[in-house]
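Enquirer: Heads up, the sequence shown is in our numbering, so the first residue is 3 and it goes up one at a time.
Even for Gly, the Cβ is constructed at its ideal location relative to N, Cα and C.
The structure follows.
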Amino acid sequence: MKHPDNILYVFYDSWCPICRKAKANIEKADKKHYIELLTIRDSSVYEEYHLAGKNVEERIYSIRNQDGKSFSGIFAILEIAKRIPKYKPLVPFLYISIILGFGQKVYDSIASRREIVPTGHCNEDSCSIHLNEN
């Protein structure tokens, strides 16, 4: 059962294998259904939640249903961790990483190296993988 006042909408990249794995882990751990995961690759989601210009292709992005406040990157990870009991022990470390100024840098470093496998780029034998060459 969803709790409408407490839902965190989390926007992830379904073309990213690491992101899909994280989505599966979050869904498994989110026993109380406080998080709703939506792919940025769905144009209706992109439009409905006004994601243009929000850098959602580069960083995980979330919106708190309660007040409409948005979070990006390490701040979105913190919001997820605060809602899932299994991840709550990470909250102090996430806060410290943010306060000391390295949390977002570490997040961005990891996110910039993720692989993207666009839909339609696979055949029976293989998938083309394009690495971000930044």
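For GLU60, tell me which candidate among TYR109, ASN8, ILE9, PRO120 has the shortest Cα-Cα distance.
Expert: GLU60 has its Cα closest to that of TYR109, out of TYR109, ASN8, ILE9, PRO120.
Enquirer: Out of VAL12, SER16, ILE9, which one is the CA nearest neighbour of PRO120?
Expert: SER16
Enquirer: Among all the DSSP beta bridges, which residues are the ones paired with SER16?
Expert: Under the DSSP definition of a beta bridge, SER16 lacks any partner.
Enquirer: Which of the three DSSP states is assigned to TYR63 in this structure?
Expert: It is a strand residue.
Enquirer: Start and end of the alpha helix (DSSP H) containing PHE95?
Expert: Segment 93-101, the alpha helix (DSSP H) holding PHE95.
Enquirer: Between GLY70 and GLN106, which are expected to be in contact by the criterion C-beta below 8 Å, what is the C-beta distance as a whole number of angstroms?
Expert: About 22 Å separates the beta carbon of GLY70 from that of GLN106, a gap too long to meet the 8 Å contact definition.
Enquirer: DSSP state of LEU53, grouped into three classes?
Expert: LEU53 falls in the coil class under three-state DSSP.
Enquirer: Quickly, what does DSSP pair TYR109 with across the bridge? List them, please.
Expert: Answer is none; TYR109 lacks a bridge partner.
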